[in-house]
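**Student:** Here our numbering is used: the first residue of the sequence shown is 4, the next is one more, and so on. Cβ coordinates follow ideal geometry from the N, Cα and C atoms, glycine included. Dropping a structure here in structure tokens format, bear with me for questions.
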Amino acid sequence: MLLLVTLVALLAGCATPRIPSVDPAAGVSLAPGYFAGARPEAGLEEAWWHGFADPELDRLVSAALARNPSLEAARQRLAAARAIVVAEQSDFLPTIDGELSGDVSVDDRGSGAERAGASLGGVWRIDINGRLAAERAAAIASAEGAEHLVADRRRLIAAAVASQYIELKRTAARLRLLEESSDLQRQTLRIVTLRSEAGLSSNLDVRRARADVARTEAQRGLLLLARARAANALAVLVGETPSGVPGAAADAQVPAYGSGPDIGVPADLLRRRPDLLLAEADIARAAATVGIERADLLPALALPGFLTLGDGSADGLFSQAVASLSAVLGVPLVDGGRRRAEVRAAESNLAAALADYRQALLGVLAEVRQH
């Protein structure tokens with residue numbers, strides 16, 4: 004037993020991290036001191052829509068963040084990812100299972116025998132090749148990515164609610180102006196018609212007035228359609244069945260944006276972008292996958308054991324105990340190149356994740372410069 008423990012300690016000490024270290028922003032040139040003025044706390048208040056000072060908008064955004072189905076799906080995926088982290092962490096501990104058995108047998112003479120038994124069996128995987136650590140790192144990266152995805156969904160949903168709400172208000176305002184214009188045009192048509200009947204105006208003036216009224220009615224139909232689309236989009240965003248234009252649309256006052264939270268310097272925007280953080284998590288997960296595949300090229304150690312109680316009779320369940328502990332060292336030998344091919348595939352996926360991140364970073368830098 005002492006030799007076994009010593010062997011395990013030596014092999015565990017030889018285990019080295021096999022997850023590649025990468026710099027996501029390598030190859031993207033930033034000005035010296037770009038992050039010098041960054042303030043990590045800037046912009047932490049995400050309720051920017053309060054700058055409109057519109058209670059109805061606040062209510063709609065709160066409802067969407069609470070009931071939007073796509074956001075709820077993202078939250079559930081985050082919960083699943085966190086559960087997987089716990090599962091991967093448990094692989095560092097031994098697993099033990101128990102079993103109880105019992106049976107009764109009767110021979111042709113009518114005599115019977117009762118037997119009972121109990122056993123415990125388990126295995127402890129020693130992470131000498133770094134696979135367990137890499138699997139845990141991949142699970143943590145997936146959970147972080149799911150968390151950033153929730154934040155990104157919240158950002159997009161809040162922006163979509165505000166956009167559709169303002170569109171609803173703007174359309175209502177245009178409809179009100181159009182109805183006022185339509186009333187004036189109808190009055191003009193009546194006057195021109197009366198003048199034409201009295202011989203004071205030509206039929207051309209009547210036709211022009213009628214054309215103006217028809218054109219305005221056509222525009223009104225388009226605005227009604229746009230208003231219905233905005234109302235339906237709002238209903239879907241807040242997780243409700245589309246059911247017409249809400250009463251708040253009757254108020255044609257378009258909200259004006261006042262003062263919102265301090266967004267900080269451009270470097271702060273980069274640090275907080277959920278899409279960039281999600282891309283970083285993808286890189287971490289891809290790097291951990293490389294570590295998993297590299298670990299498969301190395302030996303693996305497991306310590307299986309079992310404990311059996313009883314001598315086979317029903318009344319002798321605890322009369323004796325037999326225990327066993329062994330070590331199993333698995334060594335990869337011949338696989339036709341499969342393991343190394345899987346390593347190359349994982350490394351290519353990591354390179355692709357890095358390229359995707361740099362492309363996203365360049366796009367964000369362009370957006371920041373525009374603002």
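(1) Out of curiosity, what's the CA-to-CA distance linking residue 257 and residue 172?
(2) Residue 311 and residue 120 look like a contact to me (Cβ under 8 Å); what is the Cβ gap, rounded to whole Å?
(3) Where do the N-terminal and C-terminal ends of the alpha helix (DSSP H) with residue 279 fall, by residue?
(4) Going by DSSP, name the residue or residues bridged to residue 325.
(5) I'd like to confirm something about residue 302: is its beta-carbon nearer than 8 Å to some heavy atom of the ligand SAM, or not?
(6) Rounded to the nearest angstrom, what separates residue 231 and residue 345 at their Cα positions?
(7) Rounded to a whole number of angstroms, what is the C-alpha to C-alpha distance between residue 41 and residue 276?
(8) What separation, rounded to the nearest whole angstrom, lies between the Cα atoms of residue 347 and residue 83?
(9) Between residue 340 and residue 92, what straight-line distance do the alpha-carbon atoms span, to the nearest angstrom?
(10) Give the DSSP-derived three-state secondary structure of residue 122 in the structure shown.
(11) How about residue 129 and residue 306: do their beta carbons lie closer than 9 Å?
(12) Roughly how many angstroms separate the alpha carbons of residue 66 and residue 241, rounded to a whole number?
(13) Write down the C-beta distance between residue 81 and residue 153 rounded to the nearest angstrom, noting that I regard them as a contact closer than 8 Å.
(14) With burial defined as no fewer than 16 other Cβ atoms inside 10 Å of the residue's Cβ, what is the status of residue 295: buried or exposed?
(15) Taking residue 333 as the reference, give the member of 142, 131 and 228 with the closest Cα.
(16) Pull up the CB-CB distance for residue 2 and residue 292, whole angstroms please, since I reckon it's below 8 Å.
(17) What residues in its chain sit with their C-beta under 7 Å from that of residue 144, if we drop five residues either side in the sequence?
(18) I'd like to check one pair, residue 178 with residue 218: are the Cβ atoms closer than 9 Å?
(19) Residue 103 bridges to which residues according to DSSP?
(20) Please tell me whether residue 61 and residue 51 are closer than 9 Å, where the distance is taken between their beta carbons.
(21) Could you tell me which residues DSSP pairs with residue 332 in its beta bridges?
(22) Measure the C-alpha to C-alpha separation of residue 69 and residue 161 and round it to an integer number of angstroms.
(23) With a threshold of 6 Å on Cβ separation, who are the neighbours of residue 124 within its own chain once the five nearest residues in sequence on each side are excluded?
(24) In angstroms with no decimal places, state the Cα-to-Cα distance between residue 359 and residue 165.
(25) Measuring straight from C-alpha to C-alpha, what distance separates residue 196 and residue 184?
(26) For residue 226, which residues in the same chain have their Cβ closer than 6 Å to its Cβ, ignoring the five residues on either side in sequence?
(27) Keeping to the same chain, check which residues put their C-beta closer than 6 Å to that of residue 349; ignore five residues upstream and five downstream.
(28) Please list, in chain order, all residues of the same chain as residue 103 whose beta carbon is under 6 Å from its beta carbon, the five residues on each side excluded.
(29) Measure the C-alpha to C-alpha separation of residue 209 and residue 190 and round it to an integer number of angstroms.
(30) Just how far apart, CA to CA, sit residue 201 and residue 193?
(31) Kindly list the residues whose CB is nearer than 7 Å to the CB of residue 137, restricted to its own chain and excluding five residues on each side of it in sequence; keep chain order.
(32) Between the C-alpha atoms of residue 147 and residue 155, what's the straight-line distance to the nearest angstrom?
(33) Does the Cβ-Cβ distance between residue 279 and residue 157 come in under 9 Å?
**Tutor:** Answer, in terms of the structure:
(1) 5 Å
(2) 7 Å
(3) 277-298
(4) 311
(5) The ligand content of the structure shown is nil, which means the ligand SAM is not present either.
(6) 53 Å
(7) The pLDDT assigned to residue 41 is 43, lower than 50, so where the model puts this residue is not dependable; a value taken from the coordinates is nonetheless given after this. Taking the straight line joining both Cα atoms gives about 14 Å.
(8) 29 Å
(9) 30 Å
(10) strand
(11) yes
(12) Whole-angstrom Cα-Cα distance: 6 Å.
(13) Right, the Cβ-Cβ distance comes to about 5 Å (below 8 Å), so this counts as a contact.
(14) It is buried - the Cβ of residue 295 has at least 16 other Cβ atoms within 10 Å.
(15) 131
(16) No answer is possible for residue 2: it lies beyond the span of the chain, which begins at 4 and ends at 374.
(17) 284, 287, 288 and 291
(18) no
(19) 121
(20) Their beta carbons are not under 9 Å apart, which means residue 61 does not touch residue 51 by this criterion.
(21) 304
(22) 11 Å
(23) Its chain contains 100 and 309 as the residues whose beta carbon lies nearer than 6 Å to that of residue 124, once the 5 sequence neighbours on both sides are disregarded; these appear in chain order.
(24) One Cα belongs to residue 359, the other to residue 165, and the distance between them is close to 29 Å.
(25) 18 Å
(26) Excluding positions up to five away in sequence, the list reads 174, 177 and 178.
(27) 292, 293 and 296
(28) Taken in chain order, the residues that qualify are 121.
(29) Going by the C-alpha atoms only, they are around 12 Å apart.
(30) 12 Å
(31) 21, 22, 291, 294, 295 and 298
(32) 12 Å
(33) Taking 9 Å as the Cβ cut-off, residue 279 and residue 157 do not qualify as a contacting pair.
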